[in-house]
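A quick write-up on the structure given underneath.
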Amino acid sequence: GAGVSQSPSNKVTEKGKDVELRCDPISGHTALYWYRQSLGQGLEFLIYFQGNSAPDKSGLPSDRFSAERTGGSVSTLTIQRTQQEDSAVYLCASSYGHPDGYTFGSGTRLTVV
Amino acid sequence: LAKTTQPISMDSYEGQEVNITCSHNNIATNDYITWYQQFPSQGPRFIIQGYKTKVTNEVASLFIPADRKSSTLSLPRVSLSDTAVYYCLVVLNTGFQKLVFGTGTRLLVSP
Chain W
595 GAGVSQSPSN KVTEKGKDVE LRCDPISGHT ALYWYRQSLG QGLEFLIYFQ
645 GNSAPDKSGL PSDRFSAERT GGSVSTLTIQ RTQQEDSAVY LCASSYGHPD
695 GYTFGSGTRL TVV
Chain L
298 LAKTTQPISM DSYEGQEVNI TCSHNNIATN DYITWYQQFP SQGPRFIIQG
348 YKTKVTNEVA SLFIPADRKS STLSLPRVSL SDTAVYYCLV VLNTGFQKLV
398 FGTGTRLLVS P
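In structure tokens:
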């Protein structure tokens with residue numbers, strides 16, 4: 595597609611439930627990134643996929659968070675046993691490898707109640 | 298990559314020029330300075346990148362002194378639609394890398 599697509603755009607879930615957030619990157623972009631942005635805060639790096647290399651998971655805040663990227667394209671970020679502090683906007687970006695080539699999606703706003 | 302420091306917020310009025318300065322004292326030889334802009338309810342978008350001296354595009358200008366320890370993003374004649382958060386990042390010029398965002402500068406443009 596023309597841009598990075600994320601779904602759902604909004605998600606309200608109960609504490610303790612699992613959620614899956616989806617990211618569809620720009621076709622041909624081999625790198626995919628997940629970030630989290632809490633209200634009024636900057637972006638917090640979560641995880642980064644590049645081609646067939648092992649993902650950089652250094653930003654995942656706990657083992658409740660995981661992500662996969664199937665076929666080098668679509669990625670799913672899974673949060674298990676959600677907590678209220680997980681409430682944030684989750685942003686996905688894809689890149690072709692140049693700093694001006696990062697394209698972000700509009701994010702998924704997750705609210706844990 | 299070098300840590301960046303920029304003001305938390307700035308206020309301006311329509312039609313004024315806005316300059317946002319970022320310091321990056323530990324910038325390395327291979328690092329470039331890149332600025333992103335984020336509107337409410339959207340992801341950040343690239344606006345400008347430079348290595349040294351001055352870079353200008355249709356959106357902004359970027360001034361980088363010879364020592365490269367700081368940079369200034371200049372927005373000419375801002376409008377209400379320039380209200381956004383502006384992030385200064387130090388990046389490698391090429392290759393795959395994760396972008397490390399600070400807290401950014403929240404610019405509010407008033408009528």
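So the sequences go chain by chain: W and L.
The first sequence maps to residues 595 to 707 in our numbering.
The second sequence maps to residues 298 to 408 in our numbering.
Glycine residues also receive a C-beta, built at the ideal position from the N, C-alpha and C atoms.
CB contact check: G666(W) to chain L, cutoff 9 Å: As a first step, residue 666(W) must be located in the first sequence, where it is residue number 72. Chain L contact via Cβ: absent.
Same chain only: Cβ atoms within 8 Å of I324(L), ignoring 5 sequence neighbours per side: Taking the second sequence and counting its residues from 1, one reaches residue 324(L) at position 27. Around I324(L): A299, I330, R365, K366 and V387.
Delimiting residues of the beta strand (DSSP E) encompassing I330(L): Position 33 of the second sequence holds residue 330(L). Element bounds for I330(L): D328 to Q335.
Any C-beta of chain W under 9 Å from that of K351(L): For the purposes of this step, residue 351(L) is taken as the residue at position 54 of the second sequence. Not one chain W Cβ lies under 9 Å of K351(L).
Proximal residues of chain W, C-beta to C-beta of L396(L) below 7 Å: Within the second sequence, numbered from 1, the residue matching residue 396(L) stands at position 99. Those within 7 Å of L396(L) in chain W are Y696.
Residues that L671(W) bridges to, as DSSP identifies them: Residue numbering aside, residue 671(W) sits at position 77 when the first sequence is read from its first letter. In the DSSP output, where bridge partners are listed per residue, L671(W) has L615(W) and A661(W).
Reference Q303(L), options L370(L), S309(L) and G340(L), closest by Cα: Within the second sequence, numbered from 1, the residue matching residue 303(L) stands at position 6. With distances taken between Cα atoms, Q303(L) lies closest to L370(L).
Given I620(W) as reference, the closest of T705(W), L671(W), S689(W) and G701(W) once Cα atoms are compared: On the first sequence, position 26 is the one that residue 620(W) refers to. Of the candidates T705(W), L671(W), S689(W) and G701(W), the one whose C-alpha sits nearest the C-alpha of I620(W) is S689(W).
A357(L) versus F343(L) - alpha carbon distance: On the second sequence, position 60 is the one that residue 357(L) refers to. On the second sequence, position 46 is the one that residue 343(L) refers to. About 11 Å.
Buried/exposed call for D680(W), threshold 16 Cβ in 10 Å: Numbered from 1 along the first sequence, position 86 holds the residue referred to as residue 680(W). D680(W) is buried by the Cβ-count criterion.
Three-state secondary structure (DSSP) of S378(L): One-based indexing of the second sequence puts residue 378(L) at position 81. In this structure, S378(L) counts as helix in the three-state DSSP scheme.
Interface residues of chain L facing Y642(W) [CB-CB closer than 7 Å]: Counting from 1 along the first sequence, the entry for residue 642(W) is found at position 48. Simply K395.
Listed by chain order, chain W residues near R342(L) by CB distance under 9 Å: Here residue 342(L) corresponds to residue number 45 of the second sequence, with the count starting at 1. Those are Y696, T697 and F698, listed as they occur along chain W.
Test: G401(L) CB closer than 9 Å to a CB of chain W: In the second sequence, counting from the first residue as 1, residue 401(L) sits at position 104. Yes - at least one Cβ of chain W is within 9 Å of the one on G401(L).
G695(W), DSSP secondary structure in three states: For the purposes of this step, residue 695(W) is taken as the residue at position 101 of the first sequence. Helix at G695(W).
Identified DSSP bridge partners for Q600(W): For the purposes of this step, residue 600(W) is identified with residue 6 of the first sequence, where counting begins at 1. Q600(W) pairs with C617(W).
Residue of K351(L), I305(L), C319(L) and Y333(L) minimising C-alpha distance to Y696(W): Translated into the one-based positions of the first sequence, residue 696(W) becomes position 102. The residue with the shortest Cα to Cα distance from Y696(W) is Y333(L).
Any chain W beta carbon closer than 9 Å to G312(L): By one-based count along the second sequence, residue 312(L) stands at place 15. With 9 Å as the cut-off, G312(L) does not count as an interface residue toward chain W.
Spatial distance of N646(W) from A661(W) (CA atoms): Looking up residue 646(W) in the first sequence gives position 52. Looking up residue 661(W) in the first sequence gives position 67. Those two C-alpha atoms are separated by around 14 Å.
Residues that F639(W) contacts on chain L, provided the C-beta gap is smaller than 9 Å: Here the question's residue 639(W) lines up with position 45 in the first sequence. The answer, in chain order, is K395, L396, V397 and F398.
Boundaries (first-last residue) of the beta strand (DSSP E) holding T353(L): In the second sequence, counting from the first residue as 1, residue 353(L) sits at position 56. Run containing T353(L): T350 to T353, per the beta strand (DSSP E) assignment.
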